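Following: one structure in structure tokens, then a few remarks.
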Amino acid sequence: MQKIKGTLIPIGGNEDKGIEESEIYTLEFIDEGILYHVVKEAGGVDAKIVVIPTASSIPVEVGENYLTAFSTLGCKNVEVLDIRSKEDSETEHAIELIKSANCVMFSGGDQSKITDKIGGTIIHTILAERFVNEAGFVIAGTSAGAMAMANEMIAGGSASESFIKGAVNMYKGLGLIPELIIDTHFIRRGRFGRQSEAVAKFPNLIGFGLAEDTGMIIKNGNDCTVIGSGMVIVFDGSTLTHNNEKILEEGTPMTMANLTIHVLSNGDEYSIKTRKVKVLPIEAPFI
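Anchor point for the sequence shown: position 233 equals 229 in my numbering, and the numbering is continuous, going up by one each time.
Shown next, in the form of structure tokens:
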């Protein structure tokens, strides 16, 4: 298997704390601490950063938010690539931006829009090739942008119906990190059950549930380090001794025995290949 040289940074999302639930009123913000790590991994404030707000229903506003946020951190070379169709993913302008970027950042919104409008296009191919072959190339994504990094992608599902077969909807993602299933807004929106079902469907894969304002820096397609203020819940289905997902009818409560769960926080490390945790020592400073 070819060694991956690029860096992935999936982030759990963090809405503006407005009282409105609609995305029109709650723009995706990310704590500057996490964006700082994105910039650092991409090579610093001179890095060329391309923001793709395709997942959002309000891409112009979300793009402007990121321009403001990155410029606050001192970045001078940030551009928004507003892709609204597969045709937009095949333009010369889009291709040139993706070829020249040090970092590509996907916004939150609806992850299915990312795979519908970018999946299988020229820029998807360029992204995937650069991620494998180029050290220092960063692909970051928050919320929907993080979930789309997987191959088996959670497209939606009910938290209230969790632990019942059929509570999670799966879709094909961009396949950048096929070993993982990524879920976001994990603690606040009570998504433990839908990630459990996703791992029951694909027990050979590892589930990452990212809390808000929390991310993972993933190097070499393997070495994961937690950043941010919250937790990452890791679901390892390889230890399951009982999993009745395949035989159940939709709507039936599920049984999963000996599912391995890890709760990781800032500075903790996880290896995808060995499925081992390395915990940050108590006396060590936070990242």
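Where a beta carbon is used, it is the ideal one built from N, C-alpha and C, also for glycine.
All values derive from a computational prediction rather than experimental measurement.
(request) Determine, using beta carbons only, whether Q107 and A151 come nearer to each other than 8 angstroms. (result) Yes, the Cβ-Cβ distance between Q107 and A151 is below 8 angstroms.
(message) Going by the DSSP bridge assignment, what does Y167 pair with across the sheet?
(response) Answer by DSSP bridge pairing, in chain order: M149.
(request) Could you tell me the boundaries of the beta strand (DSSP E) in which M227 lies? (result) Per DSSP, M227 is one residue of the beta strand (DSSP E) stretching across M227 to D232.
(message) Just list the residues that DSSP pairs V47 with in beta bridges.
(response) Under DSSP, V47 forms a beta bridge with V76 and M101.
(message) Applying the 10 Å Cβ sphere with the 16-neighbour rule, what's the burial state of I243?
(response) Exposed.
(request) May I ask you to list the residues that DSSP assigns as paired with E265? (result) Bridge partners of E265: T221 and K274.
(request) Assign Y266 to buried or exposed, taking buried as 16 or more other Cβ atoms, counted over all protein chains shown, within 10 Å of its Cβ. (result) With 16 or more other Cβ atoms within 10 Å, it is buried.
(request) Would you identify the three-state DSSP class for S67, choosing helix, strand or coil? (result) S67 carries a helical assignment under DSSP once its states are collapsed to helix, strand and coil.
(request) Report the three-state DSSP secondary structure of K215 (helix, strand or coil). (result) In the displayed model, K215 falls within a strand according to three-state DSSP.
(message) Using C-beta distances below 6 angstroms, list every residue in its chain close to C220, excluding the 5 sequence neighbours before and after it, in chain order.
(response) Around C220: M212, I214 and Y266.
(request) For the alpha helix (DSSP H) containing I243, list its first residue and its last residue. (result) Per DSSP, I243 is not a residue of any alpha helix (DSSP H), being assigned neither H nor E.
(message) Between G137 and I7, how many whole angstroms is the CB-CB distance? I'm expecting something under 8 angstroms.
(response) 7 angstroms between Cβ atoms; contact.
(request) Please determine, among S96, E130, M149 and Y62, the residue with the shortest C-alpha to C-alpha distance to D112. (result) Among S96, E130, M149 and Y62, the Cα nearest to that of D112 is on M149.
(message) DSSP three-state label for A207, please.
(response) A207: coil per DSSP, three-state reduction.
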